[in-house]
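Here the structure comes first, spelled out in C-alpha cells, and everything after it is commentary.
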C-alpha cells in the first residue's frame with residue numbers, strides 16, 4: 001500500500017520512521033547518561049543560564065542533554081534518509097564504501113544529512129571511496145555525494161573534480177532523481193510530520209508552523 005507517499009510502500013516508510021524514533025530516543029537517553037558521568041564545563045553552564053535566562057536546574061539539564069543528543073540524532077536522520085531511499089523501487093542499501101546503489105540505472109550514492117557533517121578531509125575521503133567504487137563498477141556508472149541539507153538553499157549538481165562521473169548534489173535534486181517526483185523531499189517531510197503526530201501525539205499548530213518555515217527556509221523545492 002502507498003497511503004502516505006506514492007513512491008515508497010507504507011510498511012517500508014513506517015519501519016524507517018520507527019527506527020528513527022528509537023534511535024533518537026536512544027541518543028537522548030545516552031546524552032543524559034554522559035552528562036551524569038562526564039565533567040561538565042561550569043563556564044559553559046553559567047553562560048547558558050545567564051544568556052537564556054534559565055531559572056531552574058531542570059531546564060539547564062534539559063538543554064545540556066539536548067546539546068549532547070543532537071549529534072546522535074543527526075546520525076539517526078541520515079540513516080533514516082538512507083533507509084527511505086533504499087526502499088524506493090530499484091534502489092538498494094549498500095553499507096560498505098557507499099550507501100545506495102541502483103543496478104539498473106548504474107548509480108551509486110553516499111548520503112550525508114547536512115553539509116557541515118563533513119570537513120574537507122572527510123569530504124575527500126568520501127569522494128575517494130566513491131571514485132574507487134566507480135572504477136570497480138565500470139565507466140557506465142555514475143556516483144553522487146548527496147547533501148540532504150545543503151549550504152545554500154538552492155538545487156545544484158556539480159562535478160566533484162575527482163574522477164569521472166562523480167557529482168555532488170542537494171537532497172531535493174537527488175530525491176527527484178531517485179523517485180521521479182519533483183517534490184519528493186517536501187512530501188517526505190509532511191509524511192513524517194503526520195506519522196510522528198500519530199505515533200507520539202499531536203503536534204501543536206505553532207510547532208508545525210515553525211518547523212514548516214524551517215523546511216521552506218532551508219530546503220529548495
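In the numbering used here, the protein residues as written are 1 to 221. From the three backbone atoms N, C-alpha and C, an ideal C-beta is built for every residue, glycine too.
Residue i, DSSP secondary structure in three states
| i | result |
| --- | --- |
| residue 175 | helix |
| residue 8 | coil |
| residue 194 | helix |
| residue 13 | helix |
| residue 168 | strand |
| residue 148 | strand |
| residue 55 | coil |
Same chain, Cβ closer than 8 Å to residue i, five either side skipped, listed in chain order
| i | result |
| --- | --- |
| residue 118 | 112, 126 |
| residue 48 | 54, 60, 63, 64 |
| residue 88 | 7, 8, 178, 179 |
| residue 142 | 106, 107, 108, 134, 165, 166, 167 |
Nearest-angstrom Cα separation, counted from residue j out to residue i
| i | j | result |
| --- | --- | --- |
| residue 33 | residue 71 | 15 Å |
| residue 220 | residue 157 | 13 Å |
| residue 188 | residue 14 | 12 Å |
| residue 218 | residue 116 | 14 Å |
| residue 16 | residue 76 | 10 Å |
| residue 196 | residue 41 | 34 Å |
Own chain, CB closer than 7 Å to residue i, minus 5 neighbours either side, in chain order
| i | result |
| --- | --- |
| residue 82 | 93, 99, 100, 111 |
Residues of its chain near residue i, where Cβ-Cβ distance is below 6 Å and the 5 sequence neighbours each way are ignored
| i | result |
| --- | --- |
| residue 104 | 90 |
Environment of residue i [buried if 16+ CB atoms lie within 10 Å]
| i | result |
| --- | --- |
| residue 102 | buried |
| residue 18 | exposed |
| residue 138 | exposed |
At 4 residues or longer, and completely inside the stretch 63-143: list those alpha helix (DSSP H) runs for me, N to C.
Within the stretch 63-143, the alpha helix (DSSP H) runs of at least 4 residues that lie entirely inside it are, in chain order, 120-137.
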